[in-house]
Amino acid sequence: MSGFAALFRRDGAPMAEALPDRAEAALRARGPCHWRRGRSWAMAASAPLAGSADAMALVAADARLDNRRELIAALRLHPGSSDAEVILAAYRRWEGDCVRRLAGDFAFVIRDDRRGAIFCARDHFGVRPFYYALDDKLFAAAGLTRFLTALPAIGDAIDEQGLADLLAGGYADGAITLHRGVRRLPPGHSLTLTEAGVWIARYWHPRDVPVEERADAAEGFRALFAEAVVRRRARGDGVGVMLSGGLDSSAIAVQATQGFAATGRRMPSLSMMLDDTPGWNERPFIEAVLDRGGFDPRFIDAADHDPVAELPALLDEQEGPFVAYNASLSRRLYRRARAAGLTRLLDGHGGDEVVSHGLGRLNELAARGEWRRLWEESAGIAGIYGVGRWSILSPYLSHNRYVRLARGRWDRIRARLGRADQGEIAGASLVEPGLAARVGLAERHADRSIKRSARHSERDVHIELLTAPQQGYGFEVLDRMGAAAGVAGLYPFYDLRLVEYCLSLPSHHKLNHGLPRHVLRQAMAGLLPDPVRLRPDKYDFAPALADALPRRRQALADLVGRDRAGIGRFVDMDAARVALGRLLDRGRAVDGASLFAAWRVLMLAVWLDRRERVSGGWSEIIEREAAA
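Per the working numbering, the sequence shown starts with residue 1, numbered consecutively.
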């Protein structure tokens, strides 16, 4: 694993000789720690820092560049130059515009004494985390929050906005964190700091990619996809691949074996087996991929999966509550990988967002009145979401003037009669009203989805997916999880050239003949077995969570009934009781909003117990039950 950190005294005061032990330990948990220090600054990274002996320009980077060869040639560098050296040379040539020429995963800080500036950047999609704290006296940046919160000048107070966001189901913007005074640099942004102030600028946006019709879209996709996998597979030994049986992981797995057998080796694969989850058995899909050959398979039995028992450890690793409902399964997989000697894992994360299901195409068809084609295409989307075709199709019928008028009239009648449907528990309703008011939660979480516009297109939906705050946040969760096991994730779908190619495609390449992500399925023809390539659904992790929570029925009821963890400071207890009641009554059939609300309440209770060292609290109950 890798990381970086940087400290700069803006007031010119001398830097302390030594860091607090907890801060130093947080960095060293990532591996080797190479420090460079000056009178009022200190910089560190897992790899040696790049820069001149007089430190006039110095970079601390956590990076893996995809276009290093092109940059080395353009900058006339030694072929063995490190990624940090390439980044620094690019900065010296192009200054802040260097980020527009970098491709790959990176987060870095450059100290530039010539310009009297500090320049920082995070990669286009946020694969590498970047957090910072800034006030009149100090600027501190790092790839992990635990380093920053261990510094006395920053501390570990709770940020109310961040906590309210997580209770509501996810961050409303790309900068807020759970820790007061700690911000995240959003993906695709740079930060410049001088004596005059700080400037945060976006250097890349999906909307800047033009749309282009391509007669050979599948062939182009397959070539770029193959390059993306090879680039991530190539660097050293210890690489394996996650294989879930879904379209994304299977596509990466079979692509990763291409040319690998010629080396006399087989590609290690890891598969989580959930045979006992009713209605979901991925084994046939996994075995169909393995039958293609070239794999050294490893299977992880999840029959004893208990996310509640693992919650205390997960909260420690994630440094607090988090939004990732299948995290305990992923954690198990990472740890099994490390035990098998694997230090890097190819991961299909992001295939949905990068290729896009083509959901916006449905609105395009409805707007043009192509009802028969709309009916055909809705079948594929219904399969992905596990619902009936009519529920997918129905909202788009409002493009018909008469349907729209009839629905409006019916809604007004139902409202007057008091028969409006009782919706699911909204995430924001779980937050204690006083807290919600203080942080302006309703306004910040107001539904501004592009799909509310009757004129939205597939391109609009695709761009919204790739720019959502959850994009960078998801990588942060994965980064912390991998770091705890000593395993780095590799994400071929988030290759810049591949992403821009997918963005450039018209909507019919994303949803066509009822097949979402059509270009990917076409590109995998002959490589993936058809039962996997054409499968209309994907695994749903919610049932496993819905099974685990009711095992603590009495404890859960006690949690919301007596508020033994003091969560009432942050949670609307009435909403929590409704969510829990639905979960306990309906079990596996519970709606997702209630299930995930109950999980977030439980997570908060355990975290507060551990944070405030509550004796006999929820954390101890769970640990005692897990041991039993």
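Every residue, glycine too, gets a C-beta built ideally from N, C-alpha and C.
With fewer than 16 neighbouring CB atoms inside 10 Å of its own CB, Trp199 falls in the exposed class. Short of 7 Å from the beta carbon of Trp607, and not among the five residues preceding or following it, lie these beta carbons of its own chain, in chain order: Leu315, Gly320 and Pro321. With a cutoff of 8 Å on beta-carbon distance, Phe260 and Ala107 are scored as not near each other.
Looking at the DSSP output, Ile110 bridges to Val59 and Phe119. In this chain, the alpha helix (DSSP H) harbouring Ile392 covers Arg389 to Leu393.
The segment 185-257 contains, as complete alpha helix (DSSP H) runs of 4+ residues, the segments 217-233 and 247-257 (chain order). When Pro186, Gly220, Ala217 and Phe221 are compared, the shortest CA-CA separation from His205 is found for Pro186. Per DSSP, the unbroken beta strand (DSSP E) holding Asp296 starts and ends at Phe295 to Asp301.
For Arg372, no beta strand (DSSP E) segment is defined; the enclosing uninterrupted segment is the alpha helix (DSSP H) at Trp371 to Tyr385. Contact annotation: the segment 183-197 touches the segment 459-475, with at least three C-beta pairs closer than 8 Å. Ranked by how close their Cα comes to the Cα of Ser190, the residues Ala73, Tyr91 and Val560 have Tyr91 in first place. Per DSSP, Ser271 is not a residue of any alpha helix (DSSP H); the beta strand (DSSP E) it occupies stretches across Met267 to Met273. Under a 10 Å Cβ-count criterion, Ile118 is classified as buried, with 16 or more other Cβ atoms of the shown protein chains found around its own Cβ.
Within the same chain, Pro550, Arg553, Leu556 and Ala557 come within 8 Å of Leu584 by CB-CB distance, once the 5 residues on both sides are set aside. Residue range Arg283 to Leu290 is occupied by the alpha helix (DSSP H) that includes Phe285. Taking Asp537 as the centre and dropping the five residues before and after it, the same chain places the C-beta of Gly383, Ile384 and Gly386 closer than 7 Å to its C-beta, in chain order. Residue pairing by DSSP places Met43 opposite Ala6 and Arg36 in a beta bridge. Only exposed fits Thr263, as fewer than 16 other CB atoms lie within 10 angstroms of its CB. In this structure, Ala327 lies near Val477, with their beta-carbon atoms less than 8 Å apart.
With three or more CB-CB distances shorter than 8 Å, the segment 80-91 counts as touching the segment 40-53. DSSP, reduced to helix, strand and coil, places Gly489 within a strand of the structure shown. The C-beta separation of Gly592 from Ala542 comes to about 6 Å, placing the pair in contact by the 8 Å criterion.
Exposed is the label assigned to Arg93, since fewer than 16 other Cβ atoms lie within 10 Å of its Cβ.
The beta carbon of Pro210 is closer than 8 Å to those of Ser504 in its chain, skipping five residues each way along the sequence. Secondary structure in the segment 557-623: the alpha helix (DSSP H) runs of 4 residues or longer, each lying completely within the stretch, are 573-586 and 592-612 in chain order.
Cβ contact annotation for Ala44 (same chain, cutoff 8 Å, sequence separation greater than five): Phe4, Ala5, Ala6, Leu27, Cys33, His34, Trp35, Arg36 and Ala60, in chain order. Residue Tyr491 holds the alpha-carbon nearest to the alpha-carbon of Val354 among Gly440, Ile450 and Tyr491. Apart from sequence neighbours up to five positions away, the residues of its chain that approach Arg338 with a beta-carbon distance below 6 Å are Ala485, Gly486 and Val487, ordered along the chain.
Assigned with DSSP and collapsed to three states, Phe475 falls in helix. When the beta-carbon positions are compared, Pro469 and Tyr131 stay at least 8 Å from each other. When secondary structure is reduced to three states using DSSP, Leu134 falls in the strand class. Under the Cβ criterion (8 Å, minimum of three pairs), the segment 520-534 does not count as touching the segment 228-239. Closest by C-alpha distance to Ala18, out of His78, Ala63 and Leu151, is Leu151.
In this structure Ser429 is in contact with Asp572, their Cβ atoms being roughly 6 Å apart against a cut-off of 8 Å. The beta carbon of Asp66 sits closer than 6 Å to the beta carbons of Ala103, Gly104 and Arg231 from its chain, once the five residues preceding and following it are set aside; these are given in chain order. Taking a cut-off of 8 Å for Cβ pairs, the segment 358-368 and the segment 241-258 do not touch, as fewer than three such pairs fall below it.
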